[in-house]
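For reference, the structure is listed below as C-alpha coordinates.
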(Lines of atoms letter the chains of each structure in order from A and count residues from 1; the text may use other names and numbers.)
(Lines give C-alpha, C1' and ligand atoms only; values in the text may rest on other atoms or scores of the structure.)
Protein backbone atom coordinates (compact mmCIF):
# COMPACT_ATOMS: atom_id res chain seq x y z
CA UNK A 1 0.00 0.00 0.00
CA UNK A 2 2.86 2.42 0.69
CA UNK A 3 4.09 2.07 -2.88
CA UNK A 4 0.54 2.78 -4.03
CA UNK A 5 0.54 6.07 -2.14
CA UNK A 6 3.72 7.15 -3.88
CA UNK A 7 2.32 6.11 -7.23
CA UNK A 8 -0.83 8.14 -6.61
CA UNK A 9 1.24 11.21 -5.77
CA UNK A 10 3.35 10.81 -8.90
CA UNK A 11 0.28 10.24 -11.06
CA UNK A 12 -1.28 13.40 -9.62
CA UNK A 13 1.87 15.35 -10.36
CA UNK A 14 1.99 14.00 -13.91
CA UNK A 15 -1.63 15.01 -14.51
CA UNK A 16 -1.10 18.51 -13.14
CA UNK A 17 1.94 18.84 -15.41
CA UNK A 18 -0.17 17.96 -18.45
CA UNK A 19 -0.02 14.19 -18.86
CA UNK A 20 -2.95 12.80 -20.85
CA UNK A 21 -2.11 9.12 -20.42
CA UNK A 22 -1.09 7.18 -17.32
CA UNK A 23 0.27 3.64 -17.39
CA UNK A 24 -1.00 2.03 -14.20
CA UNK A 25 -1.43 -1.37 -12.59
CA UNK A 26 -4.22 -0.34 -10.20
CA UNK A 27 -6.89 1.10 -12.48
CA UNK A 28 -9.43 1.73 -9.70
CA UNK A 29 -6.95 3.78 -7.68
CA UNK A 30 -5.83 5.75 -10.74
CA UNK A 31 -9.43 6.47 -11.74
CA UNK A 32 -10.19 7.80 -8.25
CA UNK A 33 -7.12 10.03 -8.49
CA UNK A 34 -8.19 11.41 -11.88
CA UNK A 35 -11.76 12.04 -10.71
CA UNK A 36 -10.51 13.83 -7.60
CA UNK A 37 -8.20 16.07 -9.60
CA UNK A 38 -10.99 16.85 -12.09
CA UNK A 39 -13.21 17.90 -9.18
CA UNK A 40 -10.59 20.36 -7.96
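Numbering (this note's numbering), first residue to last: 2 to 41.
Virtual Cβ for every residue (Gly too), placed ideally from N, Cα, C.
Keep in mind it's a predicted model, so treat the numbers as computed, not measured.
Through-space distance from residue j to residue i, alpha-carbon basis
i: residue 5; j: residue 35; result: 15 Å
i: residue 27; j: residue 9; result: 10 Å
i: residue 32; j: residue 18; result: 17 Å
i: residue 37; j: residue 29; result: 12 Å
i: residue 13; j: residue 24; result: 13 Å
Extent of the continuous alpha helix (DSSP H) to which residue i belongs
i: residue 28; result: 28-40
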